[in-house]
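For reference, the structure discussed in these notes is given below.
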Amino acid sequence: MTDSLENRLENALLNGSKSDKKIANFMKGALNDLPFETASSVATKVKVSEATVGRFCRTLGYASFKDLKSHLQNDIAHNPWLMSDRLRELQDSAAGDDTGLTRGMELEIAGVVSVYEIVRSAEWQQVVERLANKHRVFVAGFQTERGIAQYFANQLQYIRDRVTLLDLAGGNFVEALVSDGDACLVIFEARRYSRLAKVLAQEAQATGIPVTLVTDVYCEWGYAVADEVFAVPTQFNQFWDSTALMASLSNLMINGVFKELGPEVDQRLEKIARLYGRVTGHVGDPLAQVAK
Numbered sequence: 008m009t010d011s012l013e014n015r016l017e018n019a020l021l022n023g024s025k026s027d028k029k030i031a032n033f034m035k036g037a038l039n040d041l042p043f044e045t046a047s048s049v050a051t052k053v054k055v056s057e058a059t060v061g062r063f064c065r066t067l068g069y070a071s072f073k074d075l076k077s078h079l080q081n082d083i084a085h086n087p088w089l090m091s092d093r094l095r096e097l098q099d100s101a102a103g104d105d106t107g108l109t110r111g112m113e114l115e116i117a118g119v120v121s122v123y124e125i126v127r128s129a130e131w132q133q134v135v136e137r138l139a140n141k142h143r144v145f146v147a148g149f150q151t152e153r154g155i156a157q158y159f160a161n162q163l164q165y166i167r168d169r170v171t172l173l174d175l176a177g178g179n180f181v182e183a184l185v186s187d188g189d190a191c192l193v194i195f196e197a198r199r200y201s202r203l204a205k206v207l208a209q210e211a212q213a214t215g216i217p218v219t220l221v222t223d224v225y226c227e228w229g230y231a232v233a234d235e236v237f238a239v240p241t242q243f244n245q246f247w248d249s250t251a252l253m254a255s256l257s258n259l260m261i262n263g264v265f266k267e268l269g270p271e272v273d274q275r276l277e278k279i280a281r282l283y284g285r286v287t288g289h290v291g292d293p294l295a296q297v298a299k
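If you want this note's numbering, it's the position in the sequence shown, counting the first as 1, plus 7.
Here's what the structure looks like:
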């Protein structure tokens, strides 16, 4: 039933009303969390009425939001990550905890599962191949997601040439938008969304540069301006939204590119390690001879 629901959500993203698209986008990125939600909590997070959530569920073919959840509850409950002894121990030891950590732990584990489900998608493989084979890769991040974008760009630079973290100070992204090379763009962004993220994606697509957007499950504008949208959960019962799963997804993306590039990566990594050892050096490495 999960696959069927995903297909219906995809259809709603393409053909639904503005409210339908917002709800579909949220549900698509939070399938593992839905059994823990209520129609009211979904309405609050998506900023629509509870009645609108109910109507949306009926357009998908369910009697109510509760009916939708009933089709997912068993699948979630029987996932291996909920059955491990270690998780049982953690849950049991925190049974009397009133700080919300147990609930946050459950949400975060479900979020990790959803990230690994993204990796099995056809869109994922398409992005990995693009990142491995395009002549240039541009990366952008805004606000607090700037750090994740820089981490991703720096890691990717280890395994391939011509990876650029876009400069935000110039304000016009000319290094990407007037580039005459074969390029692609990866954007990391979460709410409240920077206007620049949306404008950059629009301009890149108009220039013919494919755009991959890594964002949260609330970003309803992403599908209109990006070729792929990888939406990850960011709410884990904490004061701030957490973008930790964006970093997890970026690690898996780098790993996919590494495997796509093949043995040639080893030679590049050896050269980088040798140069780093000669110029900078590593703590506790007696073999690296730092140049005088």
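Idealized CB from N, CA, C, for every residue including glycine.
This one's a predicted model, so the numbers in the text were calculated from it and none came from an experiment.
In the structure shown, what three-state DSSP assignment does residue i receive?
{"i": "Phe-246", "result": "coil"}
{"i": "Glu-235", "result": "strand"}
{"i": "Ile-144", "result": "In the sequence as presented, Ile is not what sits at residue 144; that position holds Val. Three-state result, Val-144: strand."}
{"i": "Leu-21", "result": "helix"}
{"i": "Val-297", "result": "coil"}
{"i": "Val-221", "result": "strand"}
{"i": "His-78", "result": "helix"}
{"i": "Phe-72", "result": "helix"}
{"i": "Arg-15", "result": "helix"}
{"i": "Gly-291", "result": "coil"}
{"i": "Trp-228", "result": "coil"}
{"i": "Asp-187", "result": "coil"}
{"i": "Asn-32", "result": "helix"}
{"i": "Ala-50", "result": "helix"}
{"i": "Arg-137", "result": "helix"}
{"i": "Thr-9", "result": "Low confidence applies here, because Thr-9 scores a pLDDT of 49, under 50, leaving its location unreliable and the question unanswered by this model."}
{"i": "Ala-37", "result": "coil"}
{"i": "Arg-93", "result": "Caution is warranted here: a pLDDT of 48 is assigned to Arg-93, below 50, making its placement in the model unreliable, and the coordinate value is therefore given only provisionally. DSSP places Arg-93 in helix when its eight states are reduced to three."}
{"i": "Ser-26", "result": "helix"}
{"i": "Pro-87", "result": "Low confidence applies to Pro-87: its pLDDT is 42, below 50, so where it sits in the model is not reliable, and the reading given next is rough at best. Of the three classes helix, strand and coil, the one that applies to Pro-87 here is helix, per DSSP."}
Restricting to Cα atoms, I'd like to know which of the options is closest to residue i.
{"i": "Ala-139", "options": "Ala-37, Thr-59, Leu-184, Tyr-165", "result": "Tyr-165"}
{"i": "Met-112", "options": "Ser-257, Glu-277, Thr-241", "result": "Thr-241"}
{"i": "Leu-67", "options": "Ile-30, Leu-268, Val-290, His-289", "result": "Ile-30"}
{"i": "Thr-219", "options": "Cys-226, Tyr-230, Val-193", "result": "Val-193"}
{"i": "Ala-46", "options": "Thr-250, Lys-76, Thr-287", "result": "Lys-76"}
{"i": "Phe-195", "options": "Val-286, His-78, Ala-176, Cys-226", "result": "Cys-226"}
{"i": "Val-120", "options": "Arg-285, Leu-259, Gly-288, Gly-291", "result": "Leu-259"}
{"i": "Asp-234", "options": "Ile-116, Thr-171, Ser-26, Trp-131", "result": "Trp-131"}
{"i": "Ser-257", "options": "Gln-157, Ser-48, Arg-110", "result": "Gln-157"}
{"i": "Phe-265", "options": "Ser-186, Val-134, Lys-25", "result": "Val-134"}
{"i": "Gly-118", "options": "Gly-269, Ser-255, Ile-216, Phe-63", "result": "Ser-255"}
{"i": "Ala-204", "options": "Val-181, Glu-182, Val-232", "result": "Val-232"}
{"i": "Leu-20", "options": "Ile-116, Ala-70, Val-236", "result": "Val-236"}
{"i": "Asp-27", "options": "Ala-50, Pro-42, Val-221", "result": "Ala-50"}
{"i": "Thr-214", "options": "Glu-182, Trp-228, Leu-282", "result": "Glu-182"}
{"i": "Phe-63", "options": "Gly-23, Phe-43, Ala-37", "result": "Gly-23"}
{"i": "Asn-32", "options": "Tyr-69, Phe-246, Tyr-230, Thr-109", "result": "Tyr-230"}
Check for me: the alpha helix (DSSP H) holding residue i runs from which residue to which?
{"i": "Ile-194", "result": "First-last for Ile-194: 190-195, but that is the beta strand (DSSP E), not the alpha helix (DSSP H)."}
{"i": "Asp-174", "result": "Element bounds for Asp-174: n/a, residue is neither H nor E."}
{"i": "Thr-59", "result": "57-66"}
{"i": "Asp-273", "result": "271-286"}
{"i": "Gln-206", "result": "Contrary to the premise, residue 206 reads as Val rather than Gln in this sequence. Val-206 -> alpha helix (DSSP H) spans 202-214."}
{"i": "Arg-110", "result": "108-126"}
{"i": "Lys-266", "result": "251-268"}
{"i": "Phe-159", "result": "153-166"}
Could you give the first and the last residue of the continuous beta strand (DSSP E) run that contains residue i?
{"i": "Leu-41", "result": "No beta strand (DSSP E) contains Leu-41, which DSSP labels as neither H nor E."}
Between residue i and residue j, how many whole angstroms is the CB-CB distance? I'm expecting something under 8 Å.
{"i": "Lys-35", "j": "Ala-238", "result": "7 Å"}
{"i": "Leu-184", "j": "Ala-211", "result": "7 Å"}
{"i": "Lys-141", "j": "Ala-190", "result": "6 Å"}
{"i": "Gly-107", "j": "Asn-244", "result": "4 Å"}
{"i": "Leu-114", "j": "Asp-40", "result": "6 Å"}
{"i": "Glu-267", "j": "Glu-136", "result": "6 Å"}
{"i": "Val-145", "j": "Leu-173", "result": "In the sequence on display, residue 145 carries Phe and not Val. Indeed, because the Cβ distance is near 6 Å, the residues count as touching under 8 Å."}
{"i": "Arg-143", "j": "Gly-188", "result": "5 Å"}
{"i": "Gln-162", "j": "Ile-279", "result": "Wrong, their Cβ atoms sit about 12 Å apart, outside the cutoff."}
{"i": "Val-286", "j": "Ala-298", "result": "6 Å"}
{"i": "Ser-71", "j": "Gly-61", "result": "6 Å"}
Review point. Is the region 198-216 close to the region 142-149, with three or more CB pairs under 8 Å?
Key: yes
Check your understanding: How do the region 165-180 and the region 266-285 stand: do at least 3 beta-carbon pairs fall below 8 Å, yes or no?
Key -> yes
Point to revise | contact_flag[the region 126-137, the region 49-63] where n(CB pairs < 8 Å) is 3 or more | key: no
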